[in-house]
Amino acid sequence: MPIAILILYSFNQSKLNAVWTGFTLDWYLKLMQNSDVLDAMRTSLLVALISTIAATMIGTLAAVGMYRYHFRGKTALDAMLYLPIVIPEIVMGISLLALFAQLQVPLGYFTLIAAHITFSVPFVVVVVRARMAGFDRSIEEAAMDLGATPWQTFVKVTVPVIAPGILASSLLAFTLSIDDVIISFFVAGPSSTTLPLKIFSMVKFGVTPEINALSTLMLIVTLFLVIIAERIRMRKN
Amino acid sequence: MWTIGPVLVWMVALFLLPLVLVLAVSFFSRSSFGGIDLPLTLDNYIRFFDPLYFKILWVSCVLAFFTTASCLVFGYPFAYIIARSPAKYRNILMLLIIVPFWTNSLIRTYAWIVLLRTEGVINTLLLKLGLIDQPLSLLYNETAVLIGLIYTMLPFMVLPLYASIEKLDRTLLEAARDLGAKPWQTFCRVTLPLTAPGILAGSLLVFIPSLGLFFIPDLMGGSKTVLIGNLIKNQFLTARDWPFGAASSIILMILTLLFIVGYILVSKDKQGKELL
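As they're listed, the protein sequences go chains X and P. FYI, the numbering for the first sequence is 81 to 317, going by my numbering. FYI, the numbering for the second sequence is 553 to 828, going by my numbering.
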């Protein structure tokens, strides 16, 4: 309900957005001319894209490995992959900030991407592993018997079978990255503000119809992603 | 082994190492330039139990508890209705939960600010209807923070609840009825215990993040409500007292882990490992 009102008011003419004075698209136009917002949007997309690709690759490999092998320290690795999901985000945010400060890495795109990969990887592992649970190992063995190298088996047999899981997990990683506020808050540099951080500072500064418009746009993108995710899920069933 | 290598290197370097670093920092002293300095000390932890800071932790826990309880009270009937409704309505009802779930939490917080502020929608409406003469101050208090937290966390409660209610075997409910149980008795003695894993998982998923969210108190509580998340953030960014901030984070993390261990112990009894 509050979200519906937000959308409604993004088309309101009045600057004091409580009273309805008429329909307008001005705020969307204003938004498109706001270079800070556009920069933030670009940063968010770039960071999300790179961290999604990296997290999906690292996470998928890990999920396959965890499924296939039993090794010493597996329980410990399991714990290390579950811990980031359950501990408060703020703890992860400040610990990354502490690391970057100690190593004197300047905050910016690099730190932002590294942080986003770190919090996305565990989710990728969980989702891909869930997909692997129903995996028939005999088809891998068949490929090996027919003379495929482990790498060929992985690329030509394993990956296609778990593809829906990989796709779903990368979508999740992308959304997590686009939405993250808390961890980005600590590791973003002044020149690498993401869209949620920009919204945070805009909301702190005051309420303007521009934020309504921006929120509405983000909602549309979100809805779009949800629909894609549902499609993937449907196909899986 | 090459499949495990990358994740091992990555998580040790960017998750484990930073955590160990924070743990280490929490035993140092604050240098006069806002850095860290010797001697090693336990003062940061002792300081946290000063009434001033301990109260922040207490208020955070109380607010997180109320958030969790409210989410459960609102979320349970809702999840129940979704799980029990015909398939064609179920997807539409699910959308009501999934869309907020995927919507940026800042935007959801902001939507409430639009409603609650002095010139906001609710006040304007009430003034127009002549129900009040003066705008009510709905924003910048603990109730507003609580509303923000509940609204943000509700999907995290409804989704696990929905999953466990959907799995519920309806024949058990019929059996209870046939044996003469009143609807209320059936609910308390059959439905509730069988959906306990969902209740536990949902409560944990709501409680832990509620402790650390600093932006909702920042935006909706004015400067009046300081929670542990705000305390940690301020120690790192404003006060530049890293050792104390680090000690506070370690305490928050230990508290969280205690809740998780408790959850695992309880859910083992109920033979449900929904979360892990």
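The beta-carbon is built from N, C-alpha and C at its ideal position, and this holds for glycine as well.
Practice item. Spatial neighbours of P:S755 within its chain, please: CB distance less than 7 angstroms, with the 5 preceding and 5 following residues excluded, ordered by chain position. Key: T620 and L624
ask   = For the segment 791-802 of chain P, which residues have a CB atom closer than 9 angstroms to at least one CB atom of chain X, in sequence order?
value = W794, G797, A798, S801 and I802
### Message
So with CB distances below 8 angstroms, who are the chain P contacts of X:A178?
### Response
P570, L573, V574, V577, W794 and A798
Flag this pair as touching only if the segment 574-585 of chain P and the segment 756-770 of chain P have three or more C-beta atom pairs under 8 angstroms; answer yes or no. no
- Task: Please say whether X:A268 and X:V197 have beta carbons closer to each other than 8 angstroms?
- Result: A small correction: the amino acid at residue 197 of chain X is Ile; Val does not occupy that position in the sequence shown. Taking 8 angstroms as the Cβ cut-off, X:I197 and X:A268 do not qualify as a contacting pair.
Please report how far the alpha carbon of P:S800 lies from the alpha carbon of X:K110, in whole angstroms. 42 angstroms
Practice problem: Starting from X:S175, find everything on chain P with Cβ-Cβ shorter than 7 angstroms and list it in chain order. | Solution: P570, L571, L573 and V574
* How long is the line joining the alpha carbons of P:G824 and P:T723, rounded to whole angstroms? -> Note that P:G824 has pLDDT 46, beneath the 50 cutoff, so the model's placement of it is unreliable and the number below is only indicative. Cα to Cα, the separation comes out at about 20 angstroms.
| task | Quick one: give me the first and last residue of the alpha helix (DSSP H) that P:R500 is part of. | result | With chain P represented from 553 up to 828, any question about residue 500 of chain P goes unanswered, as that position is not in the structure.
- Query: Given that P:T555 touches chain X, what residues does it touch there, using C-beta distances under 7 angstroms?
  - Reply: L141, A142, V144 and G145
| field | Cα-Cα separation between P:R669 and P:S689, rounded to whole angstroms | value | 7 angstroms
Using the Cα positions of P:L763 and P:T593, report the straight-line distance between them to the nearest angstrom. 27 angstroms
| Which word fits X:D232, buried or exposed, when buried means at least 16 other C-beta atoms lie within 10 angstroms of its C-beta? | The amino acid occupying residue 232 of chain X in the given sequence is Gln; Asp does not appear at that position. Per the 10 Å Cβ criterion, exposed.
Give the secondary structure of P:R582 by DSSP, where H, G and I count as helix, E and B as strand, and everything else as coil. strand
Could you tell me whether the Cβ of X:F190 comes closer than 8 angstroms to any Cβ of chain P? no
| request: Note down the Cα distance separating X:A293 from P:I674, rounded to an integer number of angstroms. | output: 20 angstroms
DSSP beta-bridge partners of X:D158
Partner(s): none; X:D158 has no beta bridge.
- Message: What does the alpha-carbon distance come out to for the pair P:G557 and X:G188?
- Response: 27 angstroms
*So what's X:I321 in DSSP terms, helix, strand or just coil?*
Within the shown structure, residues of chain X are numbered from 81 to 317, placing residue 321 of chain X beyond reach of any answer.
| query | X:L247 and X:F203: beta carbons closer than 8 angstroms? | reply | no
Interface residues of the segment 281-293 of chain X facing chain P [CB-CB below 7 angstroms] = V283, K284, V287 and I291
Practice task
Run the CB neighbour count on P:I598, radius 10 Å, all protein chains shown included, and call it buried at 16 or more, exposed below.
Solution key: exposed
Exercise. Taking C-beta pairs closer than 9 angstroms, name the residues in chain P that X:V171 reaches, listed in chain order.
Key: L571, V574, G764, I784, S801, I802, L804, M805 and T808
*asked:* Given this structure, state the Cα-to-Cα distance separating X:I264 from P:F708, to the nearest angstrom.
replied: Ile is not the amino acid found at residue 264 of chain X; the sequence shown has Ser there. If you take the alpha carbons of X:S264 and P:F708, they lie about 21 angstroms apart.
Check P:D770 in the structure and name its three-state DSSP category.
helix
Practice task
Give me the Cα-Cα distance between P:L827 and X:W107, rounded to the nearest whole angstrom.
Solution key: Because P:L827 sits at a pLDDT of 42, beneath the cut-off of 50, its placement in the model cannot be relied upon, and the following sentence gives the value as read from the coordinates. One C-alpha to the other measures close to 43 angstroms.
| message | Let me check understanding here. Comparing Cα to Cα, which of P:L648, P:F626, P:L698 and P:R660 lies closest to P:L615? | response | P:L698
- Quick one: Cα of X:L118 to Cα of X:M112, how far? 7 angstroms
| query | CA-CA distance, P:A565 and P:L645? | reply | 43 angstroms
Following the continuous alpha helix (DSSP H) through X:Y108, name the residue where it begins and the one where it ends. D106 to Q113
Practice problem: Decide if P:M643 is buried, meaning its Cβ has at least 16 other Cβ atoms within 10 Å, or exposed. | Solution: Residue identity differs from the one stated: residue 643 of chain P is Asn in this sequence, not Met. Result: exposed.
Query raised in the report: If you check the beta carbons only, do P:I665 and P:M772 fall under 8 angstroms apart?
Result: yes
Provide the residue span of the alpha helix (DSSP H) that contains P:N782, from first to last. I780 to L789
CA-to-CA distance, X:V144 to X:T136, given in whole angstroms: 12 angstroms
Helix, strand or coil, according to DSSP, for X:D259 in the structure here? helix
query: According to DSSP, what are the bridge partners of P:I588?
result: P:R582
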